[in-house]
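Asks: Heads up: the sequence lines are chains A and B, in that order.
Sequential numbering of the first sequence, starting at 3, is according to my numbering.
Sequential numbering of the second sequence, starting at 466, is according to my numbering.
Supplied in structure tokens, the structure appears directly below.
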Amino acid sequence: MPTTSRAYFASPALYDLLYGHFSADVPFWLARARTANGPTLELACGNGRVLVPLRAAGVDIDGLDLDAALLDDARRKLAANKLVATLVQGDMREFRMSRHYGLIYIAFNSFQHNLTSEDQIATLARCREHLLPGGTLLVNVFSPDPAKLAQHNGEPRLQIEKELPGGASLQCYDAIDSEAADQIMHVSRRVEVRNAKGAVTERHAMAWDMRWIWPNEMALLFRLAGFPRAEVEGRAGSLKGDFSRQAELKAGDAAVWTAWRDA
Amino acid sequence: MSAPHPLSAGAELSPYDAPELYDLLFAGYKADVTTYLEKARAVGGPVLEVACGTGRVMLGMQEEGVDIEGIDASPEMVARLHAKAAEMGLHAVADVDDMRSFTRARTFGLIIVPFNAFVHNLTADDQLASLARMHQHLNPGGMLILDVQAPSVSWLTDDDGKPALELELPHPDTGNPVRLWDTRIKDPVRQVQRSLIEIQELDAKGEVATSHRFSTVVRWIHKPEMELLLRLAGFERWSISGDFDDGPYDDDSLQLIATAWRGA
């Protein structure tokens with residue numbers, strides 16, 4: 003039945019610990035929202051890493067996410083900034099909002115929680131339904147890199163390393179196995195927080211599945227979902243704070259797709 | 466050893482411009498003919514081979530009594546097919562045509578696209594146009610089978626730009642070695658492989674006596690992408706296997722074999 007992976011980030015605090023510092027893509031989404039002809043919807047908005055700064059910048063934005071705890075945390079962050087936004091708990095494959103949008107976007111690989119073509123197409127089709135005529139859908143997935151896929155051997159690899167206040171540090175290890183023929187990766191993640199003396203003070207473990215999507219395949223998914231036109235651009239795909247546009251899409255980049263609903 | 470330099474120039478020719486050489490290398494490959502023959506017998510209806518080349522598969526099946534015809538984009542290959550058919554005493558129906566736009570006078574119970582021919586479609590529009598023409602030419606309930614190379618991760622991460630000895634066999638007349646070297650450059654984002662092919666005919670001393678250079682550009686297809694293409698082209702259902710024994714398609718598969726059915 004539900005093929006979207008759910009056990010992603012049970013803890014909003016842990017999400018912020020891992021990704022709260024990543025904001026390189028926010029100016030991009032903000033710029034697109036500002037030029038949109040109508041309100042904006044973020045799918046898989048989580049606890050508001052992108053949505054809260056966009057709302058703070060005055061964007062008329064709604065959010066959808068599968069996870070109630072993440073949404074509660076986003077509401078708390080909005081309230082702390084004296085902001086309000088409509089946040090709805092729902093599944094990106096079958097959501098229904100009460101209005102239509104000039105822009106819908108799915109940031110930071112969240113679309114890749116769709117594990118089958120059916121789920122992918124259903125999500126894109128729901129987006130199309132919710133766009134105003136001429137509206138724009140933006141989807142950020144990663145451009146698969148065969149060299150990285152070849153490392154999917156189940157061995158833990160250091161994925162994120164961070165200095166924390168007071169001399170503490172965080173290490174995040176991902177062990178990835180994949181079913182390459184079906185483009186599914188099984189990720190087992192282990193997170194350790196150490197104090198200034200190097201002693202482990204927190205341990206977390208989580209697991210989820212993701213599906214990678216080749217660019218030519220993504221173009222076909224847009225066609226099947228009823229988008230007459232879709233284009234891709236490559237952006238720097240690191241977590242190190244760079245989301246700059248690349249001359250052409252390369253393996254390992256962030257692939258940012260733009261699809262337009264016919265006017 | 467005399468591996469060709471990866472950047473050897475002067476390879477504007479396609480291997481299909483040299484049909485005799487093609488047959489020298491591939492005429493002995495029969496594994497797919499057996500399977501396609503079985504499928505043709507099970508289906509019963511007439512068969513169309515798309516990209517029939519010099520008739521390695523098509524004439525092999527026709528010899529076994531299958532009602533089969535073919536198209537191919539290369540006039541040189543089709544001319545050789547007709548010459549071979551005449552030698553075999555067969556009346557071959559094979560025409561020069563483009564898989565993206567062909568029209569035949571009849572429809573078929575089975576259409577086959579063997580031996581990696583479908584990868585010559587370089588864009589999604591070409592892929593879909595070809596599949597739509599095939600769909601159009603199937604009887605209700607008819608079956609399409611195509612086999613292409615599997616883009617496994619290990620293949621995708623092979624060293625690019627280094628000559629690989631793909632095939633070596635004795636020349637049928639002299640017994641001296643004939644070698645096929647392939648130097649590939651792959652673009653995983655566009656799914657395009659450019660190949661420089663060098664076919665070397667060695668003399669009795671093991672020196673390269675004659676060298677023939679060709680180039681090809683092909684576009685590989687991933688499994689989920691193949692399924693989307695079949696769906697977009699109007700096929701009712703399909704299955705993907707990893708070998709001619711209907712084995713599953715997985716990370717170790719060398720071939721991607723797509724079977725798709727037109728609605729009844």
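Glycine included, every Cβ here is placed at the ideal spot set by N, Cα and C.
Report the residue ranges of all alpha helix (DSSP H) runs contained in full by the region 539 to 603 of chain B; include only those spanning at least 4 residues, in chain order.
Replies: Listed in chain order, the complete alpha helix (DSSP H) runs (minimum 4 residues) inside the region 539 to 603 of chain B are 540 to 553 and 589 to 601.
Asks: Assuming contact is defined by CB atoms lying nearer than 8 Å, are L575 (chain B) and V512 (chain B) in contact in what I supplied?
Replies: Against a cut-off of 8 Å, the Cβ pair of V512 (chain B) and L575 (chain B) comes out as a contact.
Asks: Go ahead and pull the three-state DSSP assignment for T125 (chain A).
Replies: DSSP places T125 (chain A) in helix when its eight states are reduced to three.
Asks: Measure from the alpha carbon of R263 (chain A) to the alpha carbon of each residue in A:L226, A:R196 and A:L134, then state which is nearest.
Replies: Answer by Cα proximity: A:L134.
Asks: Just to confirm the assignment, what range does the beta strand (DSSP E) spanning D64 (chain A) have?
Replies: Segment I63 to D67, the beta strand (DSSP E) holding D64 (chain A).
Asks: With a CB to CB cut of under 6 Å and the five nearest residues on each side skipped, what residues in its chain are close to S7 (chain A)?
Replies: Caution is warranted here: a pLDDT of 45 is assigned to S7 (chain A), below 50, making its placement in the model unreliable, and the coordinate value is therefore given only provisionally. Answer for S7 (chain A): H115, W210 and D211, listed in chain order.
Asks: Leaving aside the five residues before and after V193 (chain A) along the sequence, list all residues of the same chain whose C-beta is less than 6 Å from its C-beta, in chain order.
Replies: Correct list, in chain order: C174 and H206.
Asks: Put Q173 (chain A) into one of helix, strand or coil per three-state DSSP.
Replies: Correct three-state label for Q173 (chain A): strand.
Asks: Please report the straight-line C-alpha distance between Q656 (chain B) and R247 (chain A), rounded to a whole angstrom.
Replies: Going by the C-alpha atoms only, they are around 22 Å apart.
Asks: Using DSSP with H/G/I as helix, E/B as strand and the rest coil, what is M94 (chain A)?
Replies: The answer is coil: DSSP assigns M94 (chain A) none of H, G, I, E or B.
Asks: At a Cβ threshold of 8 Å, is Q527 (chain B) touching chain A?
Replies: For Q527 (chain B), the answer is no, since every Cβ of chain A falls outside 8 Å of its Cβ.
Asks: Leaving out the 5 sequence neighbours to the left and right, which residues in its chain are closer than 8 Å to M553 (chain B) when beta-carbon positions are compared?
Replies: Closer than 8 Å at Cβ, skipping near neighbours: L524 and E528.
Asks: Classify K199 (chain A) as buried or exposed, calling it buried when 16 or more other Cβ atoms lie within 10 Å of its own Cβ.
Replies: It counts as exposed.
Asks: Do you know whose CA, among A:L45, A:L151, A:P158 and A:L140, lies nearest E235 (chain A)'s CA?
Replies: Per the Cα distances, A:L140.
Asks: By the criterion of Cβ-Cβ separation under 7 Å, what are the contact partners of R225 (chain A) in chain B?
Replies: Result: L697.
Asks: Nearest by alpha-carbon distance to H585 (chain B): which of B:D668, B:Y501, B:S660 and B:G640 is it?
Replies: When each option's Cα is compared against that of H585 (chain B), the closest is B:S660.
Asks: If the cut-off is 7 Å on Cβ atoms, which residues from the region 121 to 145 of chain A count as contacting chain B, listed in chain order?
Replies: Result list: S145.
Asks: Please check the pair T572 (chain B) and L603 (chain B), which I expect to be a contact at CB under 8 Å, by giving their CB distance rounded to whole angstroms.
Replies: Sure, about 6 Å apart at Cβ, within 8 Å.
Asks: With a cut-off of 8 Å on the beta carbons, I'd call D717 (chain B) and S617 (chain B) a contact; round off their distance for me.
Replies: Right, the Cβ-Cβ distance comes to about 7 Å (below 8 Å), so this counts as a contact.
Asks: Can you look up K688 (chain B) in the DSSP assignment and give me helix, strand or coil?
Replies: In the structure shown, K688 (chain B) sits in a helix (DSSP, three-state: H, G or I).
Asks: Let me know the secondary structure DSSP gives T681 (chain B) once reduced to three states.
Replies: Three-state result, T681 (chain B): strand.
Asks: If you measure from the beta carbon of E534 (chain B) to each beta carbon in chain A, is any gap under 8 Å?
Replies: It does not; no Cβ of chain A falls within 8 Å.
Asks: Would you report the Cα separation of V189 (chain A) and E157 (chain A), rounded to the nearest angstrom?
Replies: If I take the Cα positions, the gap works out to 11 Å.
Asks: Would you decide whether A81 (chain A) is buried or exposed? Buried here means 16 or more other CB atoms lie within 10 Å of its CB.
Replies: Result: exposed.
Asks: Short of 8 Å in beta carbon distance, which residues of its chain neighbour S13 (chain A), apart from the five on each side in sequence? Order them along the chain.
Replies: If we look at S13 (chain A) and ignore the five residues flanking it on each side, its Cβ neighbours are A71 and H206.
Asks: In whole angstroms, give me the CA-to-CA distance for P471 (chain B) and L630 (chain B).
Replies: Any answer about P471 (chain B) is weak, because its pLDDT of 42 lies below 50 and its placement is not dependable; what the coordinates show is given next. Straight-line Cα distance between these residues: approximately 13 Å.
Asks: When you compare the CB positions of E541 (chain B) and Y481 (chain B), do they come within less than 8 Å of one another, or not?
Replies: Yes.
Asks: Determine the closest residue to K150 (chain A) out of A:T260, A:V28 and A:G254, with distance taken between C-alpha atoms.
Replies: Of the listed residues, the one whose Cα sits closest to K150 (chain A) is A:G254.
Asks: Using a Cβ cut-off of 9 Å, pull out every chain A residue sitting near K688 (chain B), in sequence order please.
Replies: Those within 9 Å of K688 (chain B) in chain A are A183, D184 and Q185.
Asks: What are the residues of the region 632 to 661 of chain B that lie near chain A, defined by any Cβ-Cβ distance shorter than 7 Å?
Replies: Going along the region 632 to 661 of chain B in chain order, one finds P653, V654 and Q656 with a Cβ nearer than 7 Å to chain A.
Asks: Applying a beta-carbon distance threshold of less than 9 Å, which residues of chain B neighbour S119 (chain A)?
Replies: Neighbours of S119 (chain A) on chain B, chain order: P689, E692, L693 and R696.
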